[in-house]
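Using our numbering, the first residue of the sequence shown is number 69, and each one after it goes up by one. First the structure, in the form of structure tokens, and then the observations on it.
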Amino acid sequence: MPTRPPREPFNALVLAALAVAVTGVLIAAGGGRGRGTSTEGDASWQGLAGAQRPRVAVGQRVIVVLKTPAVADRVGDAGGLATSEDERRWERTALSSQKLLIARLRLEGLLVQPEFSYTRTINGFSAAFDARGIALLERAADVAGVYPVRAAYPASLSSRLVAGSEFGERPNISLSDKDGRGVTIALLDTGVDRAHPFLRGRVASGIDIVGGDAGALAAPQPDEPAELERHGTEMAGLLVGSGGPGALAGVAPGATVLPIRVAGWQRDASARWAVYGRTDQILAGLERAVDPNGDGDAHDAARVALIGVAEPFAAFTDGPLALAAAGATRLDTLVVTPSGNDGPAGPGYGSVSGPGGAPAALTVGALDVRARFGQVRVVLRAGLRVELDGTRPLAGAVAPARAIDAGIGAPRAQSTAPVGYHGAVPLLDFFDRRGVSLVAGRAALLPAGPDPNGSVENAARAGAVAAVFYGVDLPAGGIALDESAPIPAVSVPVDVAETLLSRIHNGIATSVSLGATRTASNSGADRVARFSSTGLAFDGRVKPELVAPGVALETAEAGANPDGSARYGTVNGTSASAALVAASAALLAQARPYLDAEGLKSLLVGSARPLPDDRVTAQGVGLIDVGGATATEVGASPTTLAFGRAAGRKWRGEQEFLLRNLSFRPLTLGLDVRVANEGAASVRLDVRPQRLTLAAGRAIRVHVRARVSSGLEGDAPTEGVVLVTPVAGREIRVPWTILFGERGLPGLASVRLSTRAFAPSDAAPALLSFVAGSVRRSGGLPDVLPLTRLDLELWSPTGGRIGLLARLRDVLPGRYSFGVTGRDPTGAVLPRGEYQLRLVAFGTDDGPPTIRTVTFTIK
């Protein structure tokens with residue numbers, strides 16, 4: 069299920085004429101509950117796939133993109149041929165353009181202190197700007213755009229387990245006689261535990277963007293040194309691990325991981341320590357992925373860059389991260405990203421996280437390949453009354469060693485009724501005021517909340533022998549179990565929990581019986597995981613492009629057990645799936661070293677195996693098949709198409725892609741269009757050419773035309789693939805989707821000004837609040853409709869435009885507030901009189917903007 073993105077705090081940016089802040093986010097999610105027997109398919113993955121998302125204050129940081137070409141742009145213009153000196157000269161030119169802009173701003177009285185400078189994948193910098201600075205940037209001729217900095221979070225969540233759990237999954241992807249040797253994979257994530265024996269010798273000394281550590285190691289939580297960053301180590305294990313228990317190994321154990329720490333322990337909006345990254349930090353990481361030694365020459369670029377963190381719901385196709393992914397591709401680095409863990413959405417734009425919407429990035433969804441899972445009989449009693457008797461899935465990776473009969477205890481705050489927690493149930497809540505554990509030797513009755521993994525670990529530390537969750541049906545294998553104190557976990561309906569809590573409060577004995585573990589078939593096997601984000605991207609492009617296993621994958625855990633032995637665990641999430649694909653790309657790069665980044669991507673995507681029971685918007689082409697990719701001779705670029713929305717029977721659309729012969733022989737190719745799912749209308753598609761012979765190493769543009777041939781009935785999309793079949797060769801697929809329905813006007817509602825008459829004041833501005841963008845629901849699923857741009861203009865009472873006060877780009881649905889200070893775009897105080905504020909919202913579809921106006925009087 070989707071998880072709720074963090075609410076961003078009010079951010080008082082006094083930008084010459086106004087202040088801007090996001091005061092809420094509209095994209096919401098829910099969780100299921102119910103009585104009786106639970107199935108794996110009914111379970112909610114909320115809080116179990118993807119790290120808990122703390123509220124993050126990004127301050128006044130923005131990313132400024134300049135028009136002067138970056139190194140990647142110059143290399144692309146040169147056809148990919150550039151000397152080391154060429155690239156260093158182009159880097160100096162890009163840096164000079166930034167310095168020139170900063171100098172011009174200084175002449176305007178604005179002191180700019182860039183936090184990060186970008187010259188290789190894009191030309192730009194990140195810095196904090198006040199309102200006047202933003203206004204100056206928007207008017208600068210050499211500025212291409214100013215974009216918000218947002219938070220990104222690890223897109224997998226770990227479950228520590230005793231090695232050898234019968235319900236864990238091995239990353240079973242391999243290529244005969246290839247192990248990735250000679251290939252470098254840049255891992256943009258948290259720090260990595262290089263001392264872990266599973267990784268020893270395969271992880272290079274890294275680059276720390278977040279904290280400046282010399283080796284980009286897994287950092288401890290500053291206030292709790294025993295708590296290490298986990299995610300980077302887990303991803304590294306999936307990439308290059310070897311010599312683990314039971315011959316556990318990663319996909320490319322011969323490759324080298326270059327850790328680039330773009331996420332880690334940082335203060336959140338509540339001044340607590342939390343693990344996250346920012347988009348400006350990810351950009352800085354990509355800059356080093358293409359130039360590891362930082363000398364301006366990108367000939368040492370990593371062949372593959374795995375971004376293990378995700379920016380929730382931000383499937384923008386033209387922002388800084390999307391531009392940087394394209395730049396990295398031109399510098400011959402394939403960027404692999406997770407699709408996100410916010411579950412299905414649509415039928416229009418989906419729940420894909422950034423930078424997964426980037427056309428150049430290879431975006432990966434998660435597949436559940438588990439054939440079975442564990443379940444136990446659960447009997448809950450209050451006094452002599454049986455409150456529940458049924459079979460429930462084991463939510464942990466380790467089954468109980470024997471049947472359990474125990475009393476039930478609850479944390480202090482739960483002693484009378486269920487309450488909500490912002491995170492895990494704190495360890496102190498498991499003890500009374502005398503320091504006596506409330507759950508020692510008992511089963512802990514716990515709310516699932518946003519962090520069930522943390523709750524069960526704290527319960528185990530307090531001596532609990534089992535965990536009984538309520539609030540949602542938790543899926544099998546999702547709950548964390550620490551190796552030092554593994555306890556079984558199940559979930560029960562909330563009304564049963566309420567009854568038990570009431571009985572505990574009244575002093576009535578309560579107990580639980582957990583029977584022996586039995587194995588059940590997984591009805592969701594070989595289906596896209598329920599937590600995996602689905603497309604489309606915000607330009608209508610099919611994302612993710614393919615899927616890979618992403619549930620209960622066994623890997624390394626940072627740190628060691630109390631006895632000094634190495635830790636291992638499982639991970640759930642799309643970044644785990646992306647890690648398998650990144651490692652597969654390393655195998656393919658070793659097998660076919662002459663392929664460029666675009667060629668690697670096109671073969672991996674085009675050769676994937678379709679899943680019969682999942683939609684194109686969930687799986688892309690299908691399940692990764694690295695063996696098939698090695699044998700495939702033709703590739704398409706882009707790998708997916710973006711037809712957009714058909715408003716009626718007169719609609720016509722056209723897309724094109726470049727078809728490349730990546731073999732050493734001429735190929736005769738046949739092209740055809742297949743419809744996988746018929747939607748709200750019949751569609752006729754035509755591909756040209758339909759048959760051709762392509763010489764070795766040559767390319768040709770293919771045109772695909774579509775038209776609606778019937779009336780519209782509903783809004784279900786039509787989807788399918790363009791099939792390219794070589795004579796005596798492996799076919800490839802290029803997926804497409806066509807949406808239906810009228811283009812709605814860009815969302816802009818609830819526009820209010822706190823007062824219509826006020827004196828100019830920087831300290832106490834009038835507040836302009838509004839809802840930008842929208843989230844529709846169709847078929848019970850959210851359909852996210854962002855804005856590409858939002859302008860706030862100042863107009864005179866006679867209808868003359870005075871100027872632009874502010875511009876926001878890549879606006880996610882949410883509630884926003886501007887502080888109107890009574891100044892004009894130049895910063896001058898407005899004379900007394902009537903004025904008009906005009907909000908202009910531009911959607912992702914081509915069409916007219918939505919305009920809202922508010923009049924006010926300066927006293």
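Cβ coordinates follow ideal geometry from the N, Cα and C atoms, glycine included. Here the structure is a predicted model, which means the values were calculated and not measured.
| Asked | Found |
| --- | --- |
| Give me, in chain order, the residues of the same chain whose beta-carbon lies closer than 6 angstroms to that of V330; leave out the 5 immediate sequence neighbours on both sides. | L256, I277, G345, Q349, I350 and G353 |
| Closer than 8 angstroms, CB to CB, is R298 near chain C or not? | Considering every chain present, this structure includes no chain C. It has just one protein chain. |
| Look up H771 in the DSSP assignment and say whether it is helix, strand or coil. | strand |
| I'd like to know whether the C-beta atoms of T602 and P828 end up nearer to each other than 8 angstroms. | no |
| Less than 8 angstroms between the CB atoms is what I'm expecting for G395 and A140, so what's the real figure, rounded? | 3 angstroms |
| Take T161 as the anchor and find which of F826, T187 and R172 has the nearest alpha-carbon. | T187 |
| Nearest by alpha-carbon distance to S185: which of D198, G201, P222 and L134 is it? | L134 |
| At what residues does the beta strand (DSSP E) containing I942 begin and finish? | Residue 942 lies beyond the residue range present for the chain, which begins at 69 and ends at 927; the question has no answer from this structure. |
| Taking the alpha-carbon positions, what's the V260 to P222 distance? | 13 angstroms |
| By the three-class DSSP mapping on this structure, what secondary structure does R101 have? | Legend: pLDDT at R101 = 30, less than 50; position of this residue unreliable, value from coordinates given subsequently. Reduced to three states, the DSSP call for R101 is coil. |
| Return helix, strand or coil for D145, following the three-state DSSP convention. | helix |
| How is K611 classed by DSSP in three states: helix, strand or coil? | coil |
| Assuming G841 contacts G815 (C-beta within less than 8 angstroms), just tell me the rounded distance between them. | 5 angstroms |
| Express the C-alpha separation of V504 and P479 in angstroms, rounding to a whole number. | 12 angstroms |
| In whole angstroms, what is the alpha-carbon distance linking V879 and I131? | 14 angstroms |
| State the Cα-Cα distance for the pair N521 and A528, rounded to the nearest angstrom. | 11 angstroms |
| What residue from S750, E625 and T736 has the CA that sits closest to A928's CA? | Residue 928 cannot be examined here, being either before or after the span of the chain that is shown, 69 to 927. |
| Please identify the residue among P833, I692, T793 and V751 whose C-alpha is closest to the C-alpha of V702. | T793 |
| Could you tell me the distance, in whole angstroms, from the CA atom of F808 to the CA atom of V790? | 20 angstroms |
| Below 7 angstroms, is the gap between the Cβ of G674 and the nearest heavy atom of the ligand NAP? | You won't find the ligand NAP in this model; it holds no ligand whatsoever. |
| Would you say V524 and A535 are within 8 angstroms of each other, going by their C-beta atoms? | yes |
| Rank R445, S645, L430 and A219 by C-alpha distance to the C-alpha of L307 and give the top, closest one. | S645 |
| Assuming contact is defined by CB atoms lying nearer than 8 angstroms, are F924 and Y884 in contact in what I supplied? | no |
| Given this structure, state the Cα-to-Cα distance separating F499 from R249, to the nearest angstrom. | 52 angstroms |
| Whose C-beta lies closer than 8 angstroms to the C-beta of P865 among residues of the same chain, with five residues either side of it excluded? | G901, E902, Y903, Q904 and T923 |
| Over the uninterrupted alpha helix (DSSP H) stretch that includes L306, give me the two end residues. | H299 to V308 |
| Starting from L514, trace the beta strand (DSSP E) in both directions and tell me its first and last residue. | A511 to P515 |
| Work out the CA separation of V454 and S570 for me, nearest whole Å. | 15 angstroms |
| If you scan the stretch 380-448 from start to end, which runs of the beta strand (DSSP E) of 3 or more residues do you find wholly inside it? | 402-406 and 430-436 |
| So Q687 is in the alpha helix (DSSP H); what residue range does that whole segment cover? | V684 to Q687 |
| Would N574 and R440 qualify as a contact pair, given that the criterion is a beta-carbon distance under 8 angstroms? | no |
| Using alpha carbons as the reference points, say which of G695, T405 and A749 lies closest to A715. | A749 |
| List the endpoints of the continuous beta strand (DSSP E) containing L621. | L621 to A628 |
| Can you have a look at F732 and say buried or exposed, based on whether 16 or more other CB atoms are within 10 angstroms of its CB? | exposed |
| Short of 8 angstroms in beta carbon distance, which residues of its chain neighbour A628, apart from the five on each side in sequence? Order them along the chain. | A634 and R635 |
| Tell me the DSSP secondary structure of R470 in three-state form. | coil |
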